[in-house]
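Colleague:
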Amino acid sequence: MDETSSRQRWEMEAELGEMDLDPEDLQPSVPLKRVPAGDLFEAARAGDLDRLRYLLDSGVNVNARDPWDSVALYYSCLAGHVDAARMLLEAGAICSERTFDGDRCHYAALNLRVRRLLKAFEARPPPLAPLPAALRDTFLACAANRRAYIEQCEAGAGSAACAAGYLPLSDGSTSSPFPPDITFYVDGKPIEAHRVILSARSPFFKKKFETDWKDRKEVRFSSQKLSYHALYSLIHFFYSDRLEVAVDDMEDLARTCRACKCDELQNILQKELVHQRYAEYKSLKDVDNSQKRFILQGLSLPEQDRLPFALHRILQVSLANSCGQNMDSVDRHEIQMSQPSNDLADVCIKVGRRIYRCHQVILASRSEYFRARLSRMTDFLDGNNELSSFTLPFLEEHDLSTEAFEKMIEYMYTDGLKDMDPDQAEEIFDAASRYLLFPLKRAVADVLLPHLELVSPAELCHWLILSDMYGVLKIREYCLDVIACNFETFADTREFRSMLLTLPPPSGDSSSRTTRPSAPGSTGNSDQGNLLDDLREKWLEAAAAELDKRDESAALFDKRLEVLMLVAEREANEVHSDPVERKHFDQASPKV
Amino acid sequence: MSSQKKRNFKIEAFKHRVELDPNYADRTWRVLEHAIHEIYNHNASGLSFEELYRNAYNMVLHKYGEKLYTGLVNTMTGHLKEIARSIEAAQGGFFLEELNVKWGDHNKALQMIRDILMYMDRTFVHSSHKTPVHELGLNLWRDNIIRSSKIQTRLLDMLLDLVHRERTGEVINRGLMRNITKMLMDLGSSVYHEDFEKPFLEVSASFYSVESQQLIECCDCGEYLRKAERRLSEEIERVSHYLDVKSEVKITSVVEGEMIANHMQRLVHMENSGLVSMLVDDKYEDLSRMYNLFRRVPDGLSTIKDVLTSHLRETGKQLVSDPEKLKDPVDFVQNLLDEKDKYDKIISKAFNNDKTFQNALNSSFEYFINLNNRSPEFISLYVDDKLRKGLKGVSEEDVEVVLDKVMMLFRYLQEKDVFEKYYKQHLAKRLLSGKSVSDDTERSMIVKLKTECGYQFTSKLEGMFTDMKTSIDTMQGFYSNQYSEIGDGPTLGVQVLTTGSWPTQPSAPCNLPAEILVICEKFRTYYLGTHTGRRLTWQTNMGTADIKATFGKGQKHELNVSTYQMCILMLFNSVDRLTYGEIEQATEIPPSDLKRCLQSLACVKGKNVLRKEPMSKDIAEDDAFYFNDKFTSKFIKVKIGTVAAQKESEPEKQETRQRVEEDRKPQIEAAIVRIMKSRRVLDHNTIVTEVTSQLQSRFLPNPVVIKKRIESLIEREFLERDKADRKLYRYLA
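Pasting the structure below:
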C-alpha cells in the first residue's frame, strides 16, 4: 500500500515538475505538528499530513467552510504548509483565483512557494473521478459545447487553465465522440446533451423526456427567465459533478435549479448567493463582477445528489427491466416490446443467457471499445443480423460471465465496486483489459489487496502471473515484494518453481539490470518489464549487502535462480509423465 | 472460460491453455487474417466485431502481439500490392479516379481494422514503441502505392498535366484533384512536399518563365501587369480549391519570381508604357497594380522608387532651370505646387500612401528646389502675390490649404534664412502700402512659419505687425491731440517702424515740400513728447501720397503716388517746366529712384501726368519735363505705380545675397561658440558637422565659411588651436 502510494506521489511530482515549480517547492516546509483528533481545518492549519490523509480518505468535503467562512486550504496556505496544501489540492480543493475561497487562498498564501503551488494547480484540469471525467469529455466533445467552452476560456483571463483542462480530440486514431441525442437552444445558442444523463440528474427532465419531448430532437427555450450560461453550467454539472458559474449568473441558475427540481443544489446556491453579497474579493477588487465565479465540487453535495448515485438509480431500473435468463429469441422479442421504456435504455447487451438494457452514452464514454463497437454497428455482422427487428440495437458479448458483466457495468455507471468477491477479481481484470477500462483494474486491485494478505504462496504466484499479464501494477508490486522478502519460503514452493519455467528468462544485460525499471531512461514500460529482473531488483533491495558487496549478492541470487529452474525442469518432466495430471488439463482445453 | 475452472488450475491454467494448443495463435490469426481480407473485399457485414476484437485481444494478452502485428503488416501489404496492380492497370484518365476510389476503400478498411485491433493499439503498440495501426496503414499505402515505381511518376505526371491543362484554360475535375492532394497531405506533410509540391513548383517555374518571356515580347507594361495579376490570383484560387494552404506562399513566390522579379527592370523601363509614362499620364490603376505586384518581390518597391526619384529629379530640374519658366515667379511656384499635387495624388491613389515613396518624393523636391538659388525668393513672391490679391473671395479653408502647400515647399528649402529675408521685405511692402488682403491670413502664415522654424525666425515679422498696430494708435493720439492746430493742411499718416524689425535701407531723406514738412515737424514733436529717448528718421522712399490735381480741361483727378513722386509733382505747382537737373537738385532724391519715378510719371501710357522732352522710354540727365495739361483718364482716382521690377534685378539680388551672407556670419559664430562652450575641445571636422546640423533648420552653412569664422574666433581669442595637435580647437574664456 505504501509502495504504490509513494509511486503515485512520484508520478505526481514528475508532473508538477513541468508546471513552473521550483525544486525547492518540493521540500517539506515548516516543522509539522500532530493533531490526532483535529478536524479538517485543524489538520490543515497544523500541517498534520497523516490526519489530513485519514480525513480525506474517509470522504469529508474538502471544500467545506468553517464558521469563519474559511476553507481548509486557506489555513494551510496561511500557515505555509506546502505539503498539506498540495494534498488538499489533489483531493479537489478549489483554488481558482476568481472564486471567493480561491481568492482568499491566493491572498493569504504565506510565501511564494505556496503561491506557485496554487498557480500550478489552477492551471491544471480540475481533479475528477474517472466517471465524471469521462462524461465531461463526452459532453465537451459535442461540437456546440466545445465551442462554448473555448469561448468561455478565451473570455476568462485564465485561458491557460482551461486550455490545459481540455484538449480537443484531434487525434485521428480515436473514434469519433458519441453524438448527442438532444439539443437545447437558449437565446439561439445551442447546448447538446444526452437524455439519459439529464433524466438521471433531474426529475424535471425525466418527466419531460417521457412526455412532451419524447420524440423531439431539439428544444427551443424562449423564456426570458432562462439564461444560456446558467443552463450550460447546470448541464455541465450534470455531466461532470462540478459546477462552475459566474456569480452574476447564479440567480438565474438557482431559478433553473428550482424548475429542474434539483433542490439540494438550489439550496446551496441560494445560501451562497447570500454569502456572495457580503463577500469581499481581494485581488479582483478593481475588476468587474463578471470575473467572479463560483465553483462547486460534487463532494459538497449529499451523496444522493451526486452523479454516481444518480446513475446508480438508472442502472437499478435498467437491471430490473432486463430480462431474466433462459428464453429463446421469440420470447425476448415480446418481452422487450411490452416493457415500459421508463429507463431510457437505448441498447441491449446479451451476456451469457441474459439480456441487459444499457445506455449507449455511458458505455461509449467509459470504454473506447464500446464507442467503436456502437459506431461500427452497421459495418459488421452484429448490427444487421436477424435480431434487427428489435426496437433497440442489440449487442452480444461472449466469453464473459453475467456476474462479471454486472460488476463491470456497476463500475461503469457508478465508479464504485460494492461487495466484490475476490474470486471474481481475475475475471474482472480480464473484462477491464478487454473493454479498455483501465481505472477499473485499480479499483479491483484495491479490493483485492487485503485479501492477498491471507493467500498461500502458490496462489500468490498465480496472482503475480495474472497481474503481470493484465498489467495491474499495484498487485504485481505487492506480489514481488512479498516474494522478495520471503524468498526462501517461495523457493520451497513447487508452484513457484514451475512458474519460473514459464517466465521469459531474465535479460542478460547486467547494466540494464542494475537500473531500476521505473527510473527514467530505462527502456521499456515498467508494466511490460521482465518479471525476473524486477524480482531480482526487489530481492537485492530487501536482502542484499551494501554498495560494493551488492554485485556479489546479485551473483548469488542469479545462481540461486538457475538452481531453482533446474529443479523445476526436473519436476516438470515428472509431471508430464503423470497421466492423472494430464487428464486434469484436458478438462480445461475445450473451452479455449 | 469461467473463473471457477481457472481457480482449480492456479498457475498452470494459463500456461497450458495456450501451450496445449500450439496452433492456437496460428488459428486465431487465420480468423483475423480472413476478416481483414473480407474487410478489404467489402464483406465486413458478415463478420462479428465482438468475436474479432476478442480474438485479437486474446492474442495480445497471451503475448502474441508481435505475431499479430507482423501478420497485420504482411496482410495489409499484400492487399496494397493487389490494389497497386489494379491502379496500374487503369487506363488514362481513369487512373486518378481508380486511385481515389481505392484510397477511400483503404481508409475505411483501415478504420475498421484499427477498431478491431484496438486493444493491440492501446497496449502492445504502446509498450513496444511500434507505429500505431492507423499510421501504419498510411505508411504502407505510401510505400506500396504512392511510392511504387510504376505509380509514383505516373501520378505526378498526371497531376502536373492536369494543372497545366487548367492553366491553359481547360476545365478539369477539381473535386478529384482535391481528393488526391488531400490524400497526399493525409499521408504526412513530407509526402505532399516530396511527391507533389516540389515538382509542382519546378514545373510552375518553367511554365511561367516561358510565358512571361512570350508576354513581355508582345505586351506593353500595363497589359503585362494585368496578365501577371490574373495569373497570380488564379494560382491563389487553385490553392484554395485543391492544394494545401501552406503551398500558397510557395506558388505565389514562384509566380512573382518568374513573372515579376525576373523582368522588373525591363518592365519599369519599357518604352512608352513603362513607369515613367504611367507617371506622366497619371495612370493610377496601372500604377497601383504595379505597386501591388512589385511589393511582393524583393527590391520591387525600391526599383519603382529609384525610377520615380530619378524621373522626379529630372523633371524637377527642368522645371527650376528652364529660363522660360523663371520669368514669372508665381507661375514658377504654381508649377512646383502642381507637380507636388500630382505626385501626392499618385502616391495616395496608387502607392497606398507608402512612407518610403513619400520620403522619395520629399527628397527629390528638396533636391531640385535647392538647385535654383532663387527658389526662396520666388516662394516668398508667390506668397506675396497670394496675400496681395490672389486670395480675394476665397474661403478661409482654401486659403489655409494654399498656405499649407507653400509651407510644404518651404520645408524643402535649405536656405530658409534667405526666404526669411525676402519674406520680410515683401511683408514690409504689403504692410506699408496696405495691400495685404487680410490680417488673419498674414497672421496664420506667421504662425505656420513659427511652428516650422521656431520663435526666433518670426519674432521680427511679428514685430512688424506690432509696429503697424501701435502706429494706428499713435496716429489717433496725434490727431485727437492736435486736431485744432492742424486745420486744413494735408493729412499725414505716419507708420513708426522699429529699427531692426524692418528691412529698411538707410537712405538719404529727400526734401519734402514745405506744406508737408510743417506737419511732419508737428508729428515729430508730438511723438518725441510722448516717447522720450527715441529718434525718428523719415523713410521717404517707402511712403505714399494721395494728391488732388486739376488738369487743363478742368477735370479733377486724385493721384495715388509715392512720396518721391509726390515731391516731384509738388514742384510743378509753381512752374510748368523743369529739367532733370533741377528736379534732382530740388528734391535730392537718389538718382536711381528719381529716374524710376520720372519714368513712371512721364513714360507710362495713360498715366503720364508729366510730359518729357525728348519723347523716349528712358530718362537721360538732360531731359526736360512739363506738366501735361492734356492728361485724361476714365477714372477719378489714378494710381501711378513705380516702375519697379517685382522680381529683383541682378544687382539687387547680389546685394540681398550679400546681406544674407553677412547675417549668417554671426549665426555661425554663435553656433560655434555654443558648441565649443559645451564640448571644450573639438577637432575641425566635428565642429563643421555639428554646426551644420545645428543650423540646418535655417540654412546650409558653407564649410569654407565656417572655417573662416573659426579663424576669426581664434583671432578674437574665443578659441585657440591645441598646441600638440593642430587639428584640435580649444575653447577659451
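Respectively, the protein sequence lines represent chains V and W.
Just so we're aligned: the first sequence equals residues 24 to 615 in this note's numbering.
Just so we're aligned: the second sequence equals residues 662 to 1394 in this note's numbering.
By construction, the Cβ of each residue, glycine as well, lies at the ideal position given by its N, Cα and C atoms.
Every value quoted in this text rests on a predicted model; they were computed, and no experiment measured them.
Compile a chain-ordered list of the residues in the stretch 252 to 276 of chain V whose CB is closer than 7 Å to at least one CB of chain W.
Modeller: Residues passing the 7 Å Cβ filter: none.
Colleague: So what's V:Ala507 in DSSP terms, helix, strand or just coil?
Modeller: Looking at V:Ala507 - three-state DSSP - the assignment turns out to be helix.
Colleague: According to DSSP, is W:Pro1170 helix, strand or coil?
Modeller: The answer is coil: DSSP assigns W:Pro1170 none of H, G, I, E or B.
Colleague: Whole angstroms is fine: what's the gap from W:Tyr1004's alpha carbon to W:Ile1336's?
Modeller: One C-alpha to the other measures close to 40 Å.
Colleague: For the beta strand (DSSP E) that W:Asn1221 lies in, which residues bound it at each end?
Modeller: Start and end: 1217 to 1223.
Colleague: DSSP on W:Gln1357, reduced to helix/strand/coil?
Modeller: In this structure, W:Gln1357 counts as coil in the three-state DSSP scheme.
Colleague: Got a sec, what are the start and stop residues for the beta strand (DSSP E) V:Arg329 sits in?
Modeller: Note, V:Arg329: premise wrong, no beta strand (DSSP E); not H, not E.
Colleague: Only counting the same chain, and skipping five residues up and downstream in sequence, which positions put a Cβ closer than 7 Å to that of V:His677?
Modeller: Given a span of 24 to 615 for chain V in the structure shown, any question on residue 677 of chain V remains unanswerable.
Colleague: What does DSSP give as the partner residue(s) for W:Ala1210 in the beta ladder?
Modeller: W:His1218.
Colleague: When you compare the CB positions of W:Asp782 and W:Arg775, do they come within less than 8 Å of one another, or not?
Modeller: Yes, the pair counts as a contact, with Cβ atoms nearer than the cut-off.
Colleague: Could you give the distance in angstroms between the alpha-carbon of W:Tyr1073 and the alpha-carbon of W:Glu1000?
Modeller: C-alpha separation (whole angstroms): 14 Å.
Colleague: With a 10 Å radius around its C-beta and 16 neighbouring C-beta atoms as the bar for buried, classify V:Asn596 as buried or exposed.
Modeller: When all chains shown are included, V:Asn596 counts as exposed.
Colleague: What does the Cβ neighbour count give for W:Thr784, buried or exposed, with the cut at 16 atoms within 10 Å?
Modeller: Result: buried.
Colleague: For the alpha helix (DSSP H) holding V:Ala216, just list the boundary residues, first then last.
Modeller: First-last for V:Ala216: 212 to 216, but that is the beta strand (DSSP E), not the alpha helix (DSSP H).
Colleague: Span of the beta strand (DSSP E) holding W:Thr829?
Modeller: Here W:Thr829 belongs to no beta strand (DSSP E), and DSSP marks it neither H nor E.
Colleague: Indicate the three-state DSSP secondary structure (helix, strand or coil) for V:Ile372 in the structure shown.
Modeller: Correct three-state label for V:Ile372: strand.
Colleague: Taking 8 Å as the CB-CB limit, is V:Arg399 close to chain W?
Modeller: Yes - at least one Cβ of chain W is within 8 Å of the one on V:Arg399.
Colleague: Spell out whether any CB of chain W is found under 8 Å from the CB atom of V:Phe510.
Modeller: No - not a single Cβ of chain W is within 8 Å of the one on V:Phe510.
Colleague: Which residue comes first and which comes last in the alpha helix (DSSP H) that contains V:Thr122?
Modeller: Looking at the DSSP string, V:Thr122 is not in any alpha helix (DSSP H), and its letter there is neither H nor E.
Colleague: Which chain V residues sit within Cβ distance under 8 Å of W:Glu712?
Modeller: Residues of chain V passing the Cβ test: His421.
Colleague: Could you tell me the alpha carbon to alpha carbon distance between W:Ala770 and V:Phe461, rounded to whole angstroms?
Modeller: Approximately 27 Å between the Cα atoms of the pair.
Colleague: Take W:Arg1387 and list the residues in its own chain whose beta-carbon comes closer than 7 Å to its own, dropping the five residues that flank it on each side.
Modeller: Closer than 7 Å at the Cβ level, and outside the excluded window around W:Arg1387, lies no residue.
Colleague: Thinking C-beta only, is V:Leu101 closer than 8 Å to V:Val85?
Modeller: Cβ atoms of V:Val85 and V:Leu101: not closer than 8 Å.
Colleague: Compare the C-beta of V:Leu475 with all C-beta atoms of chain W and state if any pair is closer than 8 Å.
Modeller: No, its Cβ sits nowhere closer than 8 Å to a Cβ of chain W.
Colleague: Let me confirm a value: W:Asn1448 is counted as buried when at least 16 other C-beta atoms fall within 10 Å, else exposed. Which label applies?
Modeller: Outside the shown range of chain W (662 to 1394) lies residue 1448 of chain W, about which nothing can therefore be said.
Colleague: If you reduce the DSSP assignment to three classes, tell me which class W:Val1236 lands in.
Modeller: DSSP places W:Val1236 in coil when its eight states are reduced to three.
Colleague: What are the residues of the stretch 362 to 395 of chain V that lie near chain W, defined by any Cβ-Cβ distance shorter than 7 Å?
Modeller: Cβ contacts with chain W: Glu391, Tyr392, Ala395.
Colleague: Examine chain W for any beta-carbon lying closer than 8 Å to the beta-carbon of V:Leu459, and answer yes or no.
Modeller: Yes - at least one Cβ of chain W is within 8 Å of the one on V:Leu459.
Colleague: Would V:Leu415 count as contacting chain W if we go by Cβ distances under 8 Å?
Modeller: Cβ-Cβ to chain W under 8 Å: no for V:Leu415.
Colleague: Roughly how many angstroms lie between the CA atoms of V:Ile372 and V:Thr401, to the nearest whole one?
Modeller: So the alpha carbons of these two residues sit roughly 16 Å apart.
Colleague: Counting only C-beta atoms, is W:Ser706 closer than 8 Å to chain V at any point?
Modeller: So, interface residue.
Colleague: Suppose the cutoff is 7 Å on Cβ atoms and the five residues either side in sequence are ignored; what does the same chain contact list for V:Arg380 look like?
Modeller: Hits under 7 Å: Ser341, Asn344, Ser345, Asp366, Ala368, Cys371.
Colleague: So for W:Arg1196, helix, strand or coil by DSSP?
Modeller: If DSSP states are grouped into helix, strand and coil, W:Arg1196 belongs with coil.
Colleague: Output the distance between the C-alpha atoms of V:Arg281 and V:Ile258, rounded to the nearest integer angstrom.
Modeller: Going from the Cα of V:Arg281 to the Cα of V:Ile258 covers about 14 Å.
Colleague: Alpha helix (DSSP H) containing V:Arg265: first to last residue?
Modeller: Segment 265 to 269 is the beta strand (DSSP E) holding V:Arg265; no alpha helix (DSSP H) there.
Colleague: Relative to chain V, which residues along the stretch 759 to 779 of chain W have a C-beta separation below 8 Å, given in chain order?
Modeller: Taking 8 Å as the Cβ-Cβ cut-off against chain V, the residues of the stretch 759 to 779 of chain W that qualify are Met773, Arg775, Asp776, Met779.
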